[in-house]
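Student: Note that our numbering has the sequence shown beginning at -19, numbered continuously upward.
C-beta atoms are modelled at their ideal positions from N, C-alpha and C, and glycine is treated no differently.
Quick one: the structure is below, and I'll ask about it shortly.
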Amino acid sequence: AFLENVIALERERIKKMADIVELADFFFRAPSYKPELLIWKKSTKKEVAEVLALVADALAAIPTDAFTAAHATDACAPLAERFGNGTVYWPLRVALSGKEFSPGPLEIAQVLGKEKTLARVAEARAQLGI
């Protein structure tokens, strides 16, 4: 089921099967990226760390058996309204995928599951050194 979900999420971006190795590698191992990639436009490391902490709290409140992109969207929407979409979703995308271009972060979160999602967000915050 996990592999089917990965393929379904990446289907539109895959031109040939070999593409899946590069496009979806982050589903199978923790991503590697420079901490600066987490920073959205004019945000500071401190702001990103604070927003990621709020995102983690919002996602942690979702019951594990209801951890879907739809529920994650509902949980993160107030933060996106408060701080802006890019400020919330960009660092989350990078924390989960390690990439500038990927499926949406909440869809990635659904496939990864709650535990891995929260672990990757915590690791991203640690990488910021704040």
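Can you give me the Cβ contacts of ALA34 inside the same chain, cut-off strictly under 6 angstroms, excluding the 5 residues immediately before and after it?
Tutor: Looking up residue 34 in the sequence shown gives position 54. One detail in the question is off: residue 34 reads as Leu in this sequence, not Ala. Answer for LEU34: LEU59, listed in chain order.
Student: Could you tell me the distance, in whole angstroms, from the CA atom of LEU39 to the CA atom of ALA29?
Tutor: Within the sequence shown, residue 39 is the residue found at index 59, counting from 1. Within the sequence shown, residue 29 is the residue found at index 49, counting from 1. Whole-angstrom Cα-Cα distance: 15 angstroms.
Student: Counting beta carbon pairs with one atom in the region -10 to 1 and one in the region 52 to 70, are three or more of them shorter than 8 angstroms?
Tutor: With the cut-off at 8 angstroms, the region 52 to 70 and the region -10 to 1 do not touch.
Student: Please give me, in chain order, every unbroken run of the alpha helix (DSSP H) with length at least 4 that falls completely inside the region -9 to 47.
Tutor: For the region -9 to 47, whole alpha helix (DSSP H) runs of length 4 or above, ordered along the chain, are -1 to 3 and 25 to 40.
Student: Could you give the DSSP three-state label for ALA99: helix, strand or coil?
Tutor: Here residue 99 is taken as the residue at index 119 of the sequence shown, counted from 1. Correct three-state label for ALA99: helix.
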